[in-house]
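Numbering of the sequence shown is given in numbering that gives the first Met the number 0, commencing with residue 0 and proceeding in unit increments. The C-beta atom is built at its ideal place from N, Cα and C for all residues, glycine as well. Each remark here refers to the structure printed beneath this line.
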Amino acid sequence: MEESPKRKWSDGEREAAVISLSTLVIASAVLGLLVYETTVPFCRGAPCPARESLSVISTTVNSPTNVTLRIINSGSVAVSLASYYVKDAYGQTYANSNWAGPNISPNTTLSLNLLIDGKSFSFQHGSSYAIIVVTSRNNQYTFTVTA
């Protein structure tokens, strides 16, 4: 069999091939940087703001007018509690808006003893109540308690 002669590229074809290959390499590099940027940002910017985060560990109903919440501050800043509200299933609300609650450091648990006056309602066995705790930064945390 006879070998076919090798075709030589013209100057224009060589130039087009170099441009195409260069474009492909640059596009691949840019795409790689974009993917990398999503996992390790180049521009760090301002540090993350401090955040509050409260969660309930356990609840105990001590009496018809007293409940204890064991809560944890899993945020990155101390939390100062400013007020609390207790709501029953019928929408009746007890408000303690002038409460000087405790401060909770980050990664700290605390037993929080909350009282209601018992005039509008009281904690009844088997009933659920929403307890809304408000921080000094005006963040609200709602916890459900079943008596």
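{"Check": "Using a threshold of 8 Å, state whether the C-beta atoms of GLU51 and THR107 are closer than that.", "Outcome": "no"}
{"Check": "Is the separation between the beta-carbon of ASN72 and that of SER110 shorter than 8 Å?", "Outcome": "no"}
{"Check": "According to DSSP, simplified to helix, strand and coil, what is THR22?", "Outcome": "helix"}
{"Check": "Expressed to the nearest angstrom, what Euclidean distance is found between the alpha-carbon atoms of SER75 and ALA16?", "Outcome": "56 Å"}
{"Check": "Can you find the residues in the same chain that come closer than 7 Å, C-beta to C-beta, to SER96, ignoring five residues on each side of it along the sequence?", "Outcome": "SER82"}
{"Check": "Over the uninterrupted beta strand (DSSP E) stretch that includes ASN72, give me the two end residues.", "Outcome": "65-72"}
{"Check": "Can the beta-carbon of GLN149 be found closer than 8 Å to that of ILE131?", "Outcome": "Residue coverage of the chain in this structure runs from 0 to 146, which leaves residue 149 outside it and unanswerable."}
{"Check": "Report yes if the C-beta distance between LEU68 and LEU33 is below 8 Å; otherwise report no.", "Outcome": "no"}
{"Check": "According to the Cβ coordinates, are ASN102 and VAL66 closer than 8 Å?", "Outcome": "no"}
{"Check": "Is it buried or exposed for ILE115, if we count other Cβ within 10 angstroms and need 16 for buried?", "Outcome": "buried"}
{"Check": "Would you please state the rounded distance, in angstroms, between the beta carbons of TYR84 and SER119? I believe it to be under 8 Å.", "Outcome": "Contact flag wrong, Cβ pair sits at about 12 Å."}
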